[in-house]
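Participant: Its first residue numbered 18, the sequence shown is counted upward by one per residue in the numbering used here. Using N, Cα and C, we set each Cβ at its ideal position, and we do this for glycine too. Mind looking over this structure? Questions follow.
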Amino acid sequence: MRVILVHGFNANPQQNFHPWLAQQLRDKGFEVVTPELPLSTKDELDLPQIVERMKDQVGFLKSDDIILGHSLGAFIILQYLEAVEMTETPRAVILVGAPWKVSKPELRRLFIADLDAEVLMWKAREYVVIHSRDDKLVPFSHGELMAKQLKARLVASENDGHFMNEEYPVLLETIQKIADTPFEYEPGMSLEDDYKDIETLL
């Protein structure tokens, strides 16, 4: 099983929890991919270029892939799911401290392309949103809205801030639980059936 860890804005795979989580996962036998993307104030924020860099480093997504994105990296994952050609549906997408929207003008350019939640629902077998109630950079309400729009499971922690320290057991535990749980439903099975009350003609 492969785990793809996507860093946030002004970060890289050697910062925050990424080195610890990557090593913990490798010790447990996971294959880990940590793409490095041009997501900083030093780079021109070019979404097509960022998606291409993801393609180069991640390649085609597989049915047992688990993709975790931190902060703005979570948004990049959603853009990647919409943009990339897919032949298989990833096992899960985990969005950590994910912003629903941003106020900084330099970041707003990345949000120009509207994400279609109804389409994204079918791009992964399961969505999980992990958000701390004391997050000062991205308020908890963003996580609640993200979970609602994607019909995701919301994991609310209490004192993890914006997940910018070195170790967060909740991330490892969430990935391990997903890996250990057989998936019994197809994408979209949890959605309400809009046609259940319509009589059919025989």
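Terminal residues of the continuous beta strand (DSSP E) containing H179?
Facilitator: Along the sequence shown, read from residue 1 onward, the residue named residue 179 stands at position 162. Counting along the chain, H179 falls outside any beta strand (DSSP E), and DSSP gives it neither H nor E.
Participant: Is DSSP giving R78 helix, strand or coil here?
Facilitator: Along the sequence shown, read from residue 1 onward, the residue named residue 78 stands at position 61. Per the sequence shown, the amino acid found at residue 78 is Leu instead of Arg. If DSSP states are grouped into helix, strand and coil, L78 belongs with coil.
Participant: Considering only residues of the same chain and omitting the five flanking positions on each side of H159, which have a CB-CB separation below 6 Å?
Facilitator: For this step, residue 159 is matched to residue 142 along the sequence shown. Cβ within range, chain order: P116 and W117.
Participant: For E48, name the three-state secondary structure that DSSP assigns.
Facilitator: As a position in the sequence shown, residue 48 is number 31, starting the count at 1. Residue state, collapsed to three classes: strand.
Participant: Can you tell me where the alpha helix (DSSP H) with L189 in it begins and where it stops?
Facilitator: Mapped onto the sequence shown, residue 189 falls at position 172. Segment P186 to D197, the alpha helix (DSSP H) holding L189.
Participant: Can you have a look at N27 and say buried or exposed, based on whether 16 or more other CB atoms are within 10 angstroms of its CB?
Facilitator: For the purposes of this step, residue 27 is taken as the residue at position 10 of the sequence shown. Counting Cβ neighbours within 10 Å, N27 comes out exposed, since fewer than 16 surround it.
Participant: Using only the alpha-carbon positions, how far apart do V50 and I21 sit?
Facilitator: As a working note, residue 50 is residue 33 in the sequence shown. As a working note, residue 21 is residue 4 in the sequence shown. Approximately 5 Å between the Cα atoms of the pair.
Participant: Using the Cα positions of P52 and I111, report the straight-line distance between them to the nearest angstrom.
Facilitator: The sequence position of residue 52 within the sequence shown is 35, counting from 1. The sequence position of residue 111 within the sequence shown is 94, counting from 1. Using only the alpha carbons, I get a separation of about 16 Å.
Participant: Within the region 138-172, note down every full alpha helix (DSSP H) run reaching 4 residues or more, in order along the chain.
Facilitator: The qualifying runs are 157-167.
Participant: Kindly list the residues whose CB is nearer than 7 Å to the CB of Y97, restricted to its own chain and excluding five residues on each side of it in sequence; keep chain order.
Facilitator: Position 80 of the sequence shown holds residue 97. Taken in chain order, the residues that qualify are V68 and M71.
Participant: Nearest by alpha-carbon distance to D82: which of L154, S174, E61 and R142 is it?
Facilitator: Numbered from 1 along the sequence shown, position 65 holds the residue referred to as residue 82. Selected option, being the one with the closest Cα: R142.
Participant: Would G76 be called buried (16 or more neighbouring beta carbons within 10 Å of its own) or exposed?
Facilitator: For the purposes of this step, residue 76 is taken as the residue at position 59 of the sequence shown. By the neighbour-count rule (16 or more Cβ atoms within 10 Å), G76 is not buried but exposed.
Participant: Beta carbon of G178, beta carbon of D197: below 8 Å?
Facilitator: In the sequence shown, counting from the first residue as 1, residue 178 sits at position 161. In the sequence shown, counting from the first residue as 1, residue 197 sits at position 180. Taking 8 Å as the Cβ cut-off, G178 and D197 do not qualify as a contacting pair.
Participant: According to DSSP, simplified to helix, strand and coil, what is R19?
Facilitator: By 1-based counting over the sequence shown, the position of residue 19 is 2. Of the three classes helix, strand and coil, the one that applies to R19 here is strand, per DSSP.
Participant: Below 8 Å CB to CB, which residues in the same chain sit around V172 once its five sequence neighbours on both sides are set aside?
Facilitator: Within the sequence shown, residue 172 is the residue found at index 155, counting from 1. Here the set comprises V145, V146, I147, H148, V187 and T191.
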